[in-house]
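Participant: Residue numbers (this note's numbering): 3 to 259.
Okay, handing you the structure first.
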Amino acid sequence: MKKIKVGIFGPEGRMGKDIISRIKDYDNLNISALCERKNHASIGKKVCDCIITDNIKKFVESSDVIIDFSIPEATLKLLRALQNKKVCLITGTTGYSTKDERSFLELSKKTTILRSFNMSIGINLLKSILKSCSQKIGKNADIEIVEIHHNKKKDSPSGTALSLAESINEGLEQKGKLYYREKSPDRKRKKNEIGLSSIRGGEIIGTHTIFFFMDGEKLEFTHTALDRKIFSCGALDSVEWILSKKPGLYSLVDMLS
């Protein structure tokens with residue numbers, strides 16, 4: 003059986019290392035290339051019979067599918083290297099600006115991209131549930147999202163929290179305006195807004211709680227990540243699926259549906 007060549011972009015990061023450790027459980031996948039940013043201490047290091055390189059062009063040419071868990075600046079360089087290449091991209095990197103977001107849309111016209119702020123099955127099922135709830139009760143509820151992550155996470159609110167808010171808005175007739183609570187904690191809540199609160203501390207992998215406050219009752223959904231393997235396995239599970247798709251911008255919700 004011919005194995006799919008998988009390139010790991012950011013192999014020395016926490017997620018990159020976890021993906022490398024778990025890919026052996028997938029008989030149809032093989033690590034073909036590893037790439038880190040320029041001047042990284044691991045350049046030249048041998049991992050899984052691959053030498054870590056900083057040559058993005060050669061890295062792309064050695065892969066059928068690239069899995070990316072890096073940082074926005076590095077991913078944007080990768081997007082440029084993917085132009086006019088028949089290589090699929092699976093990315094879970096977060097923290098982009100509005101301008102950066104347009105780079106994904108432009109590349110997806112010719113490249114197949116699966117982009118998910120959270121690769122866990124549970125979170126992506128929750129997104130479908132939230133859309134359904136907001137369709138039925140959203141206009142009569144105050145909606146709040148609280149996310150908790152480890153003390154080393156840089157972006158706030160998390161990409162997952164923003165994607166959950168997006169799913170809620172997909173179900174609302176009148177979209178709620180996102181409001182970050184820490185910006186003005188003493189401000190009175192306005193109608194038709196979705197509140198976002200972030201907490202950073204300890205080694206929490208990720209907990210997201212969504213509240214629908216209604217007259218006389220409260221509906222609450224919580225997802226807690228107990229092991230990072232849910233993210234790496236979600237990415238690896240999607241490799242074969244993304245190869246079967248035409249160019250476009252997809253999410254894990256698309257795969258599950």
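The beta carbon of each residue, even a glycine, is placed where N, CA and C say it ideally should be.
Run the CB neighbour count on K129, radius 10 Å, all protein chains shown included, and call it buried at 16 or more, exposed below.
Facilitator: Looking at its Cβ environment, which holds 16 or more other Cβ atoms inside 10 Å, K129 is buried.
Participant: Which residue marks the beginning of the alpha helix (DSSP H) containing I139, and which one marks its end?
Facilitator: Taken as a continuous stretch (DSSP letters only), the alpha helix (DSSP H) holding I139 covers I123 to I139.
Participant: Kindly give me the distance between the Cβ atoms of G9 and I68, rounded to whole angstroms, as I take these residues to be in contact under 8 Å.
Facilitator: Rounded, the Cβ-Cβ distance is 4 Å, consistent with contact.
Participant: Exposed or buried, E38, counting other C-beta atoms within 10 Å across all chains shown (16 or more means buried)?
Facilitator: Buried is the call here.
Participant: Would you give the residue range spanned by the beta strand (DSSP E) that G161 belongs to?
Facilitator: From DSSP, G161 is part of no beta strand (DSSP E) but of the alpha helix (DSSP H) over G161 to G173.
Participant: With DSSP as the reference, identify every bridge partner of R117, one or two as the case may be.
Facilitator: T93, per the DSSP bridge assignment.
Participant: Compute the distance between the beta-carbons of F119 and L78, then report whether it is under 8 Å.
Facilitator: Against a cut-off of 8 Å, the Cβ pair of L78 and F119 comes out as no contact.
Participant: DSSP three-state label for G18, please.
Facilitator: Residue state, collapsed to three classes: helix.
Participant: For C235, collect the residues of the same chain with a Cβ closer than 7 Å to its Cβ; drop the 5 residues on either side in sequence, then sort them by chain order.
Facilitator: Excluding residues within five positions, the ones whose Cβ falls inside 7 Å are R24.
Participant: Do D66 and V89 have their C-beta atoms within less than 8 Å of each other?
Facilitator: In contact: D66 and V89 (Cβ atoms closer than 8 Å).
Participant: Could you give the residue range of the alpha helix (DSSP H) that holds G236?
Facilitator: K231 to D239 is the extent of the alpha helix (DSSP H) around G236.
Participant: Starting from T224 and walking both ways along the beta strand (DSSP E), at which residues does that stretch end?
Facilitator: Per DSSP, T224 belongs to the beta strand (DSSP E) from E219 to T226.
Participant: Measure from the alpha carbon of L132 to the alpha carbon of each residue in S122, I147 and M121, then state which is nearest.
Facilitator: Comparing Cα positions, the closest option is I147.
Participant: Closest by CA to H42, which one among S34, K193 and D56?
Facilitator: Taking only the C-alpha atoms, the option nearest H42 is D56.
Participant: Compare the beta carbon distance of T114 and G250 with 8 Å and say whether it is the shorter of the two.
Facilitator: Yes, these two residues count as a Cβ contact at 8 Å.
Participant: Using the three-state DSSP reduction, which class does I196 fall into: helix, strand or coil?
Facilitator: Residue state, collapsed to three classes: strand.
Participant: For my contact list, E149 and P159 are in at a C-beta cut-off of 8 Å; report their separation, rounded to the angstrom.
Facilitator: So it is a contact: roughly 6 Å between Cβ atoms.
Participant: Please report the residue range of the alpha helix (DSSP H) in which T100 lies.
Facilitator: Where T100 is concerned, the enclosing alpha helix (DSSP H) stretches over T100 to L109.
Participant: List the endpoints of the continuous alpha helix (DSSP H) containing K59.
Facilitator: Note, K59: alpha helix (DSSP H), I58 to E63.
Participant: Contact defined as beta carbons within less than 8 Å: I believe T100 pairs with P74. What is the distance between those atoms, to the nearest angstrom?
Facilitator: Not confirmed; about 12 Å, so no contact.
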